[in-house]
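Numbered per our numbering, the sequence shown spans residues 132 to 291.
Backbone N, C-alpha and C fix where the C-beta goes; we use that ideal spot for every residue, glycine too.
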Amino acid sequence: MVDKEFEIFVCRCRRMLVSVARGYLGDDDMAEDVVQEALLKLYAMRDKLDTYHSVEALARVVVKRLSLNVLRNHQRHRVVPLNVDVSDGGVMDDDRVRVILALIDGLPDKQQMVLRMKHIEGMEVEEIASVIQMSTDAVYQNLSRARRAILEQFKGRKDG
């Protein structure tokens, strides 16, 4: 695809792409940013775009994936104060936070690692699996065991 053809494509599809991004993000400015980034990616591969059956469909997929990345990164970097306990609507005191962190520190290494990566760093299971070179099933299993151990130990301390 030559530059002029790409320019025509952008003029024809930009509004639709912004609408797709806005549907995922719910924010006009973020949607514009995502579409701009998608168009830059498509422009960088413009020599290969003729090999695709539908460049418009490709553009939609790129916008969708970039939008989901933005949402994932936004969630990952969202700050949740440790003194908020969403389960009972109350406030978690410092002692309770210390107990939970100590319980996490007492877990076996793999369980501790996957629990921290998932719930503190906000990583997806697939990301965790690739980083620590473990199958996704093993990651799920370690997460489950870690959560169960923390819950049982916390309840034991609370009741005892």
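Secondary structure at residue i, three-state DSSP: helix, strand or coil?
{"i": "Y183", "result": "coil"}
{"i": "S266", "result": "coil"}
{"i": "V238", "result": "With the sequence shown as reference, residue 238 is identified as Leu, and Val is not the correct amino acid for it. Coil at L238, not helix or strand."}
{"i": "M161", "result": "helix"}
{"i": "V230", "result": "helix"}
{"i": "E258", "result": "helix"}
{"i": "G287", "result": "helix"}
{"i": "G253", "result": "coil"}
{"i": "M132", "result": "coil"}
{"i": "M147", "result": "helix"}
{"i": "M244", "result": "helix"}
Suppose contacts are defined by Cβ-Cβ distances below 7 Å. Is residue i in contact with residue j by that definition?
{"i": "V149", "j": "V133", "result": "no"}
{"i": "R191", "j": "V141", "result": "no"}
{"i": "D276", "j": "Q243", "result": "Checking the displayed sequence, the identity of residue 276 turns out to be Arg instead of Asp. No."}
{"i": "D248", "j": "I235", "result": "Checking the sequence shown, residue 248 turns out to be Met, not Asp. The answer is no: Cβ separation not under 7 Å."}
{"i": "L156", "j": "S185", "result": "no"}
{"i": "F137", "j": "R177", "result": "yes"}
With residue i and residue j assumed to form a contact (beta carbons below 8 Å), what rounded beta-carbon distance in angstroms separates them?
{"i": "A169", "j": "V193", "result": "4 Å"}
{"i": "V230", "j": "N273", "result": "Going by Cβ atoms, the distance from V230 to N273 rounds to 21 Å, so no, they are not a contact pair."}
{"i": "A269", "j": "L238", "result": "Not a contact, Cβ separation roughly 15 Å."}
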